[in-house]
Amino acid sequence: MATPLATPQGTTQIADIVVSKIAGLAAREVPGVHALGGAAARAFGALRERIPGATTNAGQGVGVEVGEKQAAVDLELVVSYGASVVEVAKAVRRNVIGALERMTGLEVVEVDINVSDVHLPSDDKDEDVPALPAAAPRVS
Numbered sequence: 015m016a017t018p019l020a021t022p023q024g025t026t027q028i029a030d031i032v033v034s035k036i037a038g039l040a041a042r043e044v045p046g047v048h049a050l051g052g053a054a055a056r057a058f059g060a061l062r063e064r065i066p067g068a069t070t071n072a073g074q075g076v077g078v079e080v081g082e083k084q085a086a087v088d089l090e091l092v093v094s095y096g097a098s099v100v101e102v103a104k105a106v107r108r109n110v111i112g113a114l115e116r117m118t119g120l121e122v123v124e125v126d127i128n129v130s131d132v133h134l135p136s137d138d139k140d141e142d143v144p145a146l147p148a149a150a151p152r153v154s
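Residues in the sequence shown are numbered consecutively from 15, following my numbering.
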């Protein structure tokens, strides 16, 4: 039985990075998703984006396994405070599966989601934290 990836006219191979980018973009489309990736990956991504001409890494926070006919996806999410983590995860899973199956023809066998942080509104503010006064010397 021919699949969209293997036909009598030839085969199509889809690179892991393609699946990773599609999954990352589909996850970011869901309301309540603040970011993808762990703290270190997000910090590196923020630094990278400050470089003139640099682009956003659409695959940040996404791990994939791609076979001939199937794909499995692992996502690390930061959810916005106030959003239902369970509902956001369901919506992300649904959106990622739909986008990947529609755009690649691969059967998505699982989308595992790790919610690693919650984004607070105060995280966006540049709060002026007063410097601590110099401590008096404890020894003379």
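Note that beta-carbon positions come from the ideal geometry of N, C-alpha and C, so glycine has one too.
Just reading off the alpha helix (DSSP H) that residue i is part of, what are its end residues?
i: Leu114; result: Val99 to Thr118
i: Ser34; result: Asp30 to Arg42
Which same chain residues end up closer than 6 Å to residue i when comparing Cβ atoms and leaving out the 5 residues on each side of it in sequence?
i: Val132; result: Val93 and Tyr95
i: Asp126; result: Asp88
i: Glu141; result: Low per-residue confidence applies at Glu141: pLDDT is 43, beneath 50, and the placement is therefore not dependable enough to give any value.
Relative to the C-alpha of residue i, which candidate in the options has its C-alpha closest?
i: Asn128; options: Val76, Gly24 and Glu82; result: Val76
i: Asn71; options: Ser34, Met117 and Val123; result: Ser34
i: Val78; options: Ala49, Gly38, Pro151 and Gly52; result: Gly38
i: Leu114; options: Pro22, Ala85 and Lys104; result: Ala85
i: Glu124; options: Gly112, Gly52 and Leu134; result: Gly112
i: Ser130; options: Lys83, Pro22 and Gly52; result: Gly52
Here's a check: name, in chain order, each residue in its chain whose Cβ is nearer than 8 Å to the Cβ of residue i, leaving out the five neighbours to either side.
i: Asn109; result: Ala40, Ala41, Glu43 and Val44
i: Met117; result: Ile36
Residue i: buried (16+ other C-beta within 10 angstroms of its C-beta) or exposed?
i: Ile31; result: exposed
i: Gln27; result: exposed
i: Val91; result: A small correction: the amino acid at residue 91 is Leu; Val does not occupy that position in the sequence shown. It is buried - the Cβ of Leu91 has at least 16 other Cβ atoms within 10 Å.
i: Arg152; result: exposed
i: Asp29; result: Residue identity check: residue 29 is Ala in the sequence provided, not Asp. When all chains shown are included, Ala29 counts as exposed.
i: Gln74; result: buried
i: Val122; result: buried
i: Gly24; result: exposed
i: Gly81; result: exposed
i: Ser136; result: exposed
i: Arg56; result: Any reading at Arg56 must be qualified, since the residue scores a pLDDT of 47, below 50, and its modelled position is unreliable; the value itself is stated next. That one is buried.
i: Leu50; result: buried
Can you name, in chain order, every residue of its own chain whose Cβ lies under 7 Å from the Cβ of residue i, other than the five neighbours on each side?
i: Val47; result: Ala41, Leu91, Val93, Val102 and Val106
Can you tell me where the beta strand (DSSP E) with residue i in it begins and where it stops?
i: Leu91; result: Gln84 to Ser94
i: Gly77; result: Val76 to Val80
i: Ala72; result: Segment: none, Ala72 is in no beta strand (DSSP E) and carries neither H nor E.
i: Asp126; result: Glu121 to His133
i: Leu50; result: Val47 to Leu50
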